[in-house]
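There are 2 protein chains.
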Amino acid sequence: MADEELLEDIGERMLIERVKMRFGVERRFERMINAGAGEDDCAIIDFSALIENICGCGGGCESKMLVTTDMLLRSSHFPDGITPFQIGWSAVAVNLSDVAAMGARPLMMTIAMGFPARTRISFFDEVLEGIRVCADNFGTIVIGGDMVRSNELTFAGTCIGFTVMKPLRRSGAAVGDIVCVTGTLGNAALGMYIVSGRLSSEQLKEIDDIAEYAKKALFQPYPRVNEGVLIASSGYATSMIDISDGLAISLAEISRKSNVGFEIWEECMPVSNELREIASTINIDLQELIFHFGGDYELLFTLNSNVLEDRKKLEMLEKYADMRIIGRVVPVHEGIYLRKENEERMEIRERGYQHF
Amino acid sequence: MADEELLEDIGERMLIERVKMRFGVERRFERMINAGAGEDDCAIIDFSALIENICGCGGGCESKMLVTTDMLLRSSHFPDGITPFQIGWSAVAVNLSDVAAMGARPLMMTIAMGFPARTRISFFDEVLEGIRVCADNFGTIVIGGDMVRSNELTFAGTCIGFTVMKPLRRSGAAVGDIVCVTGTLGNAALGMYIVSGRLSSEQLKEIDDIAEYAKKALFQPYPRVNEGVLIASSGYATSMIDISDGLAISLAEISRKSNVGFEIWEECMPVSNELREIASTINIDLQELIFHFGGDYELLFTLNSNVLEDRKKLEMLEKYADMRIIGRVVPVHEGIYLRKENEERMEIRERGYQHF
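Going down the list, the protein sequences come from chains A and B.
Mapping to my numbering: the first sequence position 73 is 127, numbers consecutive.
Mapping to my numbering: the second sequence position 75 is 129, numbers consecutive.
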C-alpha cells in the first residue's frame with residue numbers, strides 16, 4: 055500500500071520536495087517572502103516590504119531578513135568525545151553557517167533545548183557557555199529559547215540575520231564562473247578517523263601536527279560568517295551554499311538550482327598534506343573524504359570570472375576569506391565531474407550525509 | 055559535590071534564572087532588544103531600532119517584533135489518542151499562543167522536526183497538513199524548517215510576530231486592576247480524564263455533550279490570537295500571559311513580575327457545568343483541575359478597573375474576546391488566594407506543569 059511507505063524509504067530530498075509543495079509561498083506574499091520553506095539555506099524576507107507591511111512606512115532599503123532553523127540530536131550530530139561546551143557551540147554554529155552561506159550577518163537567535171532529567175548541572179552550564187561564546191564570537195544575540203525534558207539531548211536553533219544587499223542564492227551560478235571554497239577540505243573527516251580509534255598509535259603520531267585542528271573541525275565547527283559577508287560584498291559572487299552535508303551534495307544542489315554543471319580540478323583540491331598522507335597510509339579513498347563525508351563547515355561559491363582580472367579583489371578574497379579556486383562552471387549537460395591530472399573525467403555522484 | 059547536582063533536582067524556574075543570568079541583554083543592545091531570553095512569553099525587539107540598525111533609516115513606528123520558540127516531544131506533550139493532524143496543529147498553536155499572550159499578531163514561523171525513520175508517509179503528510187492548516191487559520195506563513203531523523207517525534211517551532219503598539223508584558227499589573235481570562239477553564243483537564251480511561255461508561259455518558267469539546271481542548275488547542283490582539287488594543291489591558299502551564303503558575307508569574315498579589319473569586323471561575331458535575335461525581339478536586347493541571351491555551355490578563363465604566367469596551371471584550379472577570383489585583387503582601395463564597399481565603403500555591 056502506498057501509504058504504508060516509510061520516511062526512510064524515500065530519502066531526504068524527496069521529503070523536502072514534499073514539504074516545499076505544501077508550504078509554497080502564496081502569490082500574495084511573494085513580494086515579502088522571497089524564498090520560503092525548503093528553497094535555500096534560509097528563508098528570505100524582503101525587509102522593505104516587511105517594514106511597509108508592519109508600520110506602513112517604506113524603508114526602501116535593499117536589505118533582506120533571513121531566517122533559518124536547524125535541529126541537532128546527540129545520537130546523529132554529536133560525535134563521541136565532544137565536550138559540553140562544544141555541543142553548545144555547535145548548536146549555534148550550524149545556524150550561523152546557514153546565514154553566512156547567503157552572505158548575511160546573523161543578528162539574533164533563539165535556541166530550544168531538550169535535556170535528559172539526569173543531566174549534571176555542570177554539563178548544562180558548560181553547554182550554555184558554549185552557546186554564549188559562539189554567539190558572542192560572531193556578534194549574535196541569544197534572545198530566547200525553550201527548555202524541556204527529553205530522553206535525548208536535543209537542540210533546535212533559529213537564527214535571524216540580515217544582508218546589506220542581495221543575498222547570495224543557490225540559483226545564481228552561470229557557465230564560465232569559477233568555483234571556489236573557503237579553507238581546506240576533509241578536516242572533519244580526518245577528525246572522525248582520529249577519534250574513531252581506527253588509527254594505530256603510529257598513524258596518529260604521523261598526523262600529530264594536524265590532529266588538534268582536525269578534531270576541532272569536527273567538534274567545534276567554525277562558521278564562515280565574516281568570510282560569507284566578504285564574498286557577498288565582493289561584487290563578483292553569483293551563488294553560495296555551505297558544504298556541511300558534503301561537497302558533492304552541495305555541488306548537486308547548486309547544479310539543480312542554477313541549471314549548470316561543474317568541472318572540479320583534482321590538482322586544486324585544498325587538502326592538507328597530512329590528510330593526503332593518512333589517506334594513502336590507511337588506504338582510504340581521499341575523494342570519499344573530501345566529497346562525501348560532510349561535516350566541513352566551509353562555503354562553496356561561484357564567482358564571475360571577471361574577478362580574475364581584478365587582482366586586488368582576488369587577493370583580498372584569498373587573504374581574508376581563505377578562498378581557493380577549485381574548478382569552473384560548465385553547461386548542465388556535462389554534469390558534475392572531477393578532472394584528474396591526467397585529464398580523465400570522473401563523475402562526482404550526489405552522495406553524502408543525508409538526514410533520512 | 056555541588057556540580058554533581060542534576061537538572062531534575064533544581065526545577066524549571068531556577069533553570070530559567072540560570073539561563074537569564076547568562077544571556078542577559080548587554081546594555082548596548084537594550085534599545086533594540088527590550089526583552090531577552092527567559093524574560094517573558096517572547097523576546098521583544100524594538101522594530102524602529104532594528105530598522106535603524108539594519109538600513110540606517112528610522113521608521114519611527116511603535117511596533118515591536120516578537121520572537122518565541124517552543125519544543126514539543128511525543129512523550130511529554132502529546133497525549134495518547136491525538137491524531138497526526140492534531141500533532142502538527144499543536145506544534146504551531148503553542149507558539150502562536152505565546153505571541154498572542156503579548157497582544158501581537160504572528161506573521162511567520164519556522165518549524166524543525168525530528169521524525170523516527172520508520173514513520174509512515176501518510177502520518178508525515180497529516181502532520182504537515184496540521185501545521186499548514188493551523189498556521190493558515192491564524193494568518194501565519196510557514197517560511198522554513200528542518201527535518202532530521204530522531205528516535206522520538208520532536209518539534210521545535212519558532213514564531214515571529216508583530217505588535218501594533220506596546221506589547222503586553224507580565225510586569226504591568228497594578229493593585230486595583232481586575233483579573234480576567236478568556237474562555238472556560240479545566241477543559242484540557244477534563245479531556246485528559248476522558249481519554250485516560252478512568253471514567254466509567256456511565257460517567258462518560260453524563261458528559262457526552264462536552265466530551266468532544268474537552269478532547270479538542272486537549273488535542274487541538276486553539277491559540278487566542280484574535281482575542282489577544284483585541285485585549286491589547288482595548289486600551290485598558292495592563293498585563294497578559296497564556297495559562298498553558300496552569301492558572302496557578304501564570305498567576306505566580308505575573309505576581310513576581312508585577313510585584314502584586316491576586317484575589318480570585320471562586321463563584322466567578324468560568325467552568326462548564328459538566329466539569330463541575332464530573333468533578334463531584336468522580337471525586338476530583340475541581341480547584342486542582344482549574345489551577346494546577348495546565349493545558350488550557352487561554353489568556354490570563356489584567357485590566358485597569360476604569361474599563362468597568364466603559365460599558366461598550368466591556369461588552370466588546372466579553373463578546374469577542376470571550377472574557378470573564380475572575381478577581382482583582384491586591385497588594386503583593388496579601389499573596390495569591392481564592393476567596394470562597396463563604397469569604398474564606400485559600401492560598402493558591404504555585405504548582406502545575408513543570409518541564410523539569
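Beta carbons are placed, not taken as given, at the ideal position from N, Cα and C, and that holds for glycine.
Since the structure is predicted, the reported quantities are computational estimates derived from the model, not experimental observations.
Original post:
For Asn-234 of chain A versus Leu-329 of chain A, is the C-beta spacing smaller than 8 Å?
Top reply: For the record, residue 234 of chain A in the displayed sequence is Cys; it is not Asn. Not closer than 8 Å, so no.
Original post:
How far does the beta strand (DSSP E) with Asp-376 of chain A in it reach, from first residue to last?
Top reply: Note, Asp-376 of chain A: premise wrong, no beta strand (DSSP E); not H, not E.
**OP:** Give, in chain order, every residue of the region 174-208 of chain A whose Cβ lies closer than 7 Å to some Cβ of chain B.
**Re:** Arg-174, Ile-175, Ser-176, Phe-178, Leu-182, Arg-186, Ile-195, Val-196, Ile-197, Gly-198, Gly-199, Asp-200, Met-201, Val-202, Arg-203, Ser-204, Asn-205, Glu-206 and Thr-208
**OP:** Measure the C-alpha to C-alpha separation of Arg-82 of chain A and Ser-250 of chain B and round it to an integer number of angstroms.
**Re:** 44 Å
Subject >> Other residues of its chain near Met-55 of chain A: CB distance less than 7 Å, five sequence neighbours each side excluded >> reply: In this prediction, Met-55 of chain A scores a pLDDT of 47, lower than 50, which makes its location untrustworthy; the coordinate-derived value is nonetheless stated afterwards. Taken in chain order, the list of residues that qualify is empty.
Subject >> For Lys-220 of chain A, the residue or residues it bridges with in DSSP >> reply: DSSP lists no partner for Lys-220 of chain A.
Original post:
Closest Cβ-Cβ distance between Gly-90 of chain B and chain A: below 8 Å?
Top reply: yes
Original post:
Checking contacts by CB at 8 Å: is Arg-172 of chain A closer than that to chain B?
Top reply: yes
Original post:
In this structure, does DSSP put Pro-138 of chain A in helix, strand or coil?
Top reply: helix
Original post:
Roughly how far, in whole angstroms, is the beta-carbon of Met-163 of chain A from the beta-carbon of Ile-197 of chain A, given that I think they are within contact range, below 8 Å?
Top reply: 7 Å
**OP:** Verify the CB distance criterion: does Ala-242 of chain A have a CB-CB separation below 8 Å to chain B?
**Re:** no
Original post:
Cα separation between Ser-27 of chain B and Ala-242 of chain B?
Top reply: No answer is possible for residue 27 of chain B: it lies beyond the span of chain B, which begins at 55 and ends at 410.
Subject >> Own chain partners of Thr-22 of chain A with C-beta closer than 8 Å, once the 5 adjacent residues on each side are dropped >> reply: Any question about residue 22 of chain A goes unanswered here, given that chain A covers just 55 to 410.
**OP:** Check Thr-212 of chain B in the structure and name its three-state DSSP category.
**Re:** strand
**OP:** Would you please verify whether the beta carbon of Gly-168 of chain B is less than 8 Å from any beta carbon of chain A?
**Re:** yes
Original post:
Should Ala-171 of chain A be labelled buried (16 or more other beta-carbon atoms within 10 Å of its own) or exposed?
Top reply: exposed
Original post:
Listed in chain order, which residues of the region 69-88 of chain A have Cβ atoms closer than 9 Å to some Cβ of chain B?
Top reply: Leu-69, Ile-70, Arg-72, Val-73, Arg-76, Phe-77, Val-79, Glu-80, Phe-83, Met-86 and Ile-87
Subject >> Asp-94 of chain A burial status per 10 Å Cβ neighbour count (16 or more: buried) >> reply: buried
Subject >> Between the CA atoms of Leu-104 of chain B and Ala-103 of chain A - distance to the nearest angstrom >> reply: 15 Å
Original post:
Which class does Leu-207 of chain A belong to by DSSP, given the choice of helix, strand or coil?
Top reply: coil
Subject >> Interface residues of chain A facing Asp-124 of chain B [CB-CB closer than 8 Å] >> reply: Ala-166 and Asp-200
Subject >> Residues in the region 274-294 of chain B having any Cβ partner in chain A nearer than 9 Å >> reply: none
**OP:** Less than 8 Å between the CB atoms is what I'm expecting for Ser-288 of chain B and Arg-224 of chain B, so what's the real figure, rounded?
**Re:** Not confirmed; about 18 Å, so no contact.
Original post:
Which one of B:Phe-209, B:Trp-143, B:Ser-309 and B:Asn-360 has the shortest CA to CA distance from Glu-404 of chain B?
Top reply: B:Ser-309
Original post:
Can the beta-carbon of Pro-277 of chain B be found closer than 8 Å to that of Ser-151 of chain B?
Top reply: yes
Original post:
For the alpha helix (DSSP H) that contains Ala-171 of chain B, what are its first and last residues?
Top reply: No alpha helix (DSSP H) holds Ala-171 of chain B; DSSP gives it neither H nor E.
**OP:** Specify the secondary structure class of Glu-401 of chain A as computed by DSSP and reduced to three states.
**Re:** strand
**OP:** Have a look at the DSSP bridge pairing and note the partners of Glu-317 of chain B.
**Re:** B:Arg-382 and B:Tyr-391
Subject >> Residue range of the beta strand (DSSP E) that includes Asn-88 of chain B >> reply: 87-89
Original post:
Does the beta-carbon distance from Gly-389 of chain A to Gly-300 of chain A come in below 8 Å?
Top reply: no
Subject >> C-alpha distance - Leu-272 of chain B paired with His-131 of chain B, whole-angstrom precision >> reply: 10 Å
Original post:
Where does Ile-98 of chain A fall in DSSP's three states?
Top reply: strand
**OP:** Could you list which residues in chain B have their beta carbon closer than 7 Å to that of Leu-127 of chain A, in chain order?
**Re:** Gly-168, Val-202 and Ser-204
Original post:
What are the residues that DSSP puts in a beta bridge with Thr-122 of chain A?
Top reply: A:Cys-213
Original post:
Leu-150 of chain A CB to nearest chain B CB: under 8 Å?
Top reply: no
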